[in-house]
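In the working numbering, the protein residues as written are 9 to 257.
All C-beta atoms in this analysis are idealised placements derived from N, C-alpha and C, irrespective of residue type, glycine included.
Contents: one structure, followed by commentary.
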Amino acid sequence: MKHETIETNAGWLIGLTMVVISIGGLVEILPLYFINNTVEEVKVDGKETVRPYTALELRGRDIYQREGCYLCHSQMIRPFRDEALRYGHYSLAAESKYDHPFQWGSKRTGPDLARVGKKYSNQWHTQHLTAPRSVVPESIMPNYPWLAKTDLKYKDIEERFKALRNVGVPYSLTKPEYDANVTRFGKEVADQLDINRAEENLLTQAKLGNYDGNPDRLTEMDALVSYLQVLGTMVDFSKFEEGHFAEFR
Ligand code: HEC
Numbered sequence: 009m010k011h012e013t014i015e016t017n018a019g020w021l022i023g024l025t026m027v028v029i030s031i032g033g034l035v036e037i038l039p040l041y042f043i044n045n046t047v048e049e050v051k052v053d054g055k056e057t058v059r060p061y062t063a064l065e066l067r068g069r070d071i072y073q074r075e076g077c078y079l080c081h082s083q084m085i086r087p088f089r090d091e092a093l094r095y096g097h098y099s100l101a102a103e104s105k106y107d108h109p110f111q112w113g114s115k116r117t118g119p120d121l122a123r124v125g126k127k128y129s130n131q132w133h134t135q136h137l138t139a140p141r142s143v144v145p146e147s148i149m150p151n152y153p154w155l156a157k158t159d160l161k162y163k164d165i166e167e168r169f170k171a172l173r174n175v176g177v178p179y180s181l182t183k184p185e186y187d188a189n190v191t192r193f194g195k196e197v198a199d200q201l202d203i204n205r206a207e208e209n210l211l212t213q214a215k216l217g218n219y220d221g222n223p224d225r226l227t228e229m230d231a232l233v234s235y236l237q238v239l240g241t242m243v244d245f246s247k248f249e250e251g252h253f254a255e256f257r
């Protein structure tokens with residue numbers, strides 16, 4: 009059949025357009041029926057190592073979104089050799105399963121941040137965020153001098169945890185939920201996911217971590233750096249033999 013016949017006949021055009029769209033739809037929708045196979049199980053000694061964010065990290069993530077860091081930074085390493093050589097192992101679905109919303113992105117004015125955790129010291133991050141050009145002279149990243157000067161608001165942390173719990177993130181409110189988390193993640197992590205202790209945990213982590221180098225004050229910088237330092241660190245790839253996740257490519 010000539011292309012012209014299709015293009016000049018509304019019936020054919022509608023029919024064939026629908027066929028093409030259906031194929032696209034099937035390709036996108038069908039994998040969702042196998043989502044349990046798509047999201048990997050990452051376990052070490054029977055415990056899941058990918059966990060929801062702690063209270064402080066979550067506030068850091070909120071600031072990351074507020075400041076629009078995602079407009080220049082993606083958080084997904086694609087499974088291509090050049091990406092893996094530059095940034096590390098390609099991102100697993102499991103690594104962002106507690107992210108609401110995802111920060112995958114596609115705009116890379118700056119480098120991908122999916123595995124930036126532990127790459128630099130806290131001091132480097134604080135300095136870099138305050139004045140990027142003082143550590144990377146050719147940088148075009150904006151200065152964020154207010155982060156280290158603004159007190160962190162954290163009084164609503166329990167509400168934030170509860171909101172995420174409503175969409176399926178396993179923060180625990182009741183004793184049975186807490187116990188389930190102990191089995192799943194181990195006690196140390198389960199304690200961090202306990203909504204009733206969220207505020208206390210946030211203050212303790214900030215104090216022990218001293219992320220912005222100023223122990224007298226809890227600032228937005230503390231929260232943001234704690235978030236950056238955990239990115240990409242929840243799967244210890246050295247524990248998995250080479251190619252372990254290849255079936256998910
Ligand atoms: C206008 C685009 C832009 C925005 C917005 C931006 N960045 Fe950047 N960022 C860059 C560029 C370009 C670099 C590479 C040069 C450098 O290291 O400063 C970079 C580098 C980084 C690095 C170092 C990455 C590495 O692996 O070396 C981190 C961490 C970072 N940015 C965090 C942030 C955070 C957090 C925010 C939001 C508060 C942010 N950026 C906002 C452009 C941006």
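Applying the 10 Å Cβ sphere with the 16-neighbour rule, what's the burial state of VAL58? The residue is buried, with at least 16 neighbouring Cβ atoms inside 10 Å.
Cβ contact (3+ pairs, closer than 8 Å) linking the region 139-158 and the region 223-243: Yes, they touch.
Which stretch, first to last residue, makes up the alpha helix (DSSP H) that contains TRP154? Note, TRP154: premise wrong, no alpha helix (DSSP H); not H, not E.
Per DSSP, which residues does LYS51 bridge with? Please list them. According to DSSP, residue pairing for LYS51 in a beta bridge involves GLU56.
Touch test, the region 68-82 against the region 28-40, Cβ-Cβ under 8 Å, three pairs minimum: Segment contact: the region 68-82 against the region 28-40, fewer than three CB-CB distances shorter than 8 Å; contact not assigned.
If you draw a straight line from the C-alpha of LYS55 to the C-alpha of GLY194, how long is it? Spanning the alpha carbons of LYS55 and GLY194 requires a straight line of approximately 6 Å.
Closest to THR117 by CA distance: which of GLN111, SER147, THR227 is it? Among GLN111, SER147, THR227, the Cα nearest to that of THR117 belongs to SER147.
Can you name the start and end residues of the alpha helix (DSSP H) that LEU38 belongs to? No alpha helix (DSSP H) contains LEU38, which DSSP labels as neither H nor E.
The alpha helix (DSSP H) that contains GLU228, what's its start and end? Its alpha helix (DSSP H) spans residues 228-238.
Below 8 Å, is the gap between the Cβ of GLY96 and the nearest heavy atom of ligand 1? Flag unset: Cβ of GLY96 not near ligand 1.
With respect to 8 Å, is the separation between the Cβ of VAL35 and the closest non-hydrogen atom of ligand 1 below this value? The answer is no for VAL35.
Between which residues of its own chain and LYS170 is the CB-CB distance below 8 Å, once the five residues before and five after are set aside? So the qualifying residues of the chain are TYR179, LEU181, ILE203.
Alpha carbon to alpha carbon, what distance is there between LYS51 and TYR106? Roughly 16 Å between the two C-alpha positions.
State the DSSP-derived secondary structure class of ASP164, mapped to helix, strand or coil. When secondary structure is reduced to three states using DSSP, ASP164 falls in the coil class, being assigned neither helix nor strand.
How is the alpha helix (DSSP H) around VAL190 delimited, first residue to last? Its alpha helix (DSSP H) spans residues 183-193.
Rounded to whole angstroms, what's the CA-CA distance from GLU103 to ASN222? Just pull it up for me. The alpha-carbon atoms of GLU103 and ASN222 are separated by roughly 31 Å.
Touch test, the region 117-130 against the region 161-177, Cβ-Cβ under 8 Å, three pairs minimum: With the cut-off at 8 Å, the region 117-130 and the region 161-177 do not touch.
What residues in its chain sit with their C-beta under 8 Å from that of LYS126, if we drop five residues either side in the sequence? Closer than 8 Å at the Cβ level, and outside the excluded window around LYS126, lie GLN237, THR241.
Burial state of VAL144, where buried means 16 or more other Cβ atoms lie within 10 Å: When all chains shown are included, VAL144 counts as exposed.
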